[in-house]
Amino acid sequence: MKIAIAGPYSAPTGKERQENLDAMNEAAVALYEMGHIPLIGVNAALPVLEKSEVDDEYKLIMDISMAVVESCDSLLLLKESPGANRERDLILSLGKPVYKSLEEVPAP
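Read in the numbering used here, the sequence shown has 72 at position 78, and its numbers run on one by one without any break.
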């Protein structure tokens, strides 16, 4: 199953942003080891952001993240944040499940 991973990314410091990203990537490893295909929208967005000169970085990240989430079968919500909640609401509007822990994710 293709599972999007959502959680906070934005934070006051680069260290905190990296910690947030690390948490999502660690969950991705666990999902992959369970037999799933994990996708993280911010991982797709950051290389684009790095090469971009857009004024609204948040919009770029969310536009790409939402497209990634829309392509998935479900979502693993690690922790709520404004962006993660938008991703959750999108997946729910598509009638797809949201899991709040790795233990809730069914075997493939």
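For every residue, glycine included, the Cβ atom is placed at its ideal position computed from N, Cα and C.
Quick caveat: nothing in here was measured; it's all calculated off a predicted structure.
Local Cβ density within 10 Å of residue i, reported as buried at 16 or more and exposed below that
i, result
"A78", "buried"
"L96", "exposed"
"V99", "buried"
"S103", "No answer is possible for residue 103: it lies beyond the span of the chain, which begins at -5 and ends at 102."
"I(-1)", "buried"
"G1", "buried"
"E10", "exposed"
"M44", "Looking at the sequence itself, residue 44 is Glu, so the reference to Met does not match. Classification for E44: exposed."
"L25", "buried"
"S87", "exposed"
Nearest-angstrom Cβ-Cβ length linking residue i and residue j, presumed shorter than 8 Å
i, j, result
"L72", "I(-3)", "That pair is no contact at about 12 Å."
"P91", "G29", "In fact, because the Cβ distance is near 17 Å, the residues do not count as touching under 8 Å."
Element boundaries [alpha helix (DSSP H), containing residue i]
i, result
"P32", "Here P32 belongs to no alpha helix (DSSP H); instead the beta strand (DSSP E) covers 31 to 33."
"K53", "51 to 64"
"V23", "8 to 28"
"A78", "76 to 87"
Bounding residues of the beta strand (DSSP E) (the contiguous stretch that carries residue i)
i, result
"S68", "68 to 71"
"K(-4)", "-4 to 0"
Query raised in the report: With a cut-off of 8 Å, do at least 3 Cβ pairs link the segment 16 to 36 to the segment 56 to 64?
Result: yes
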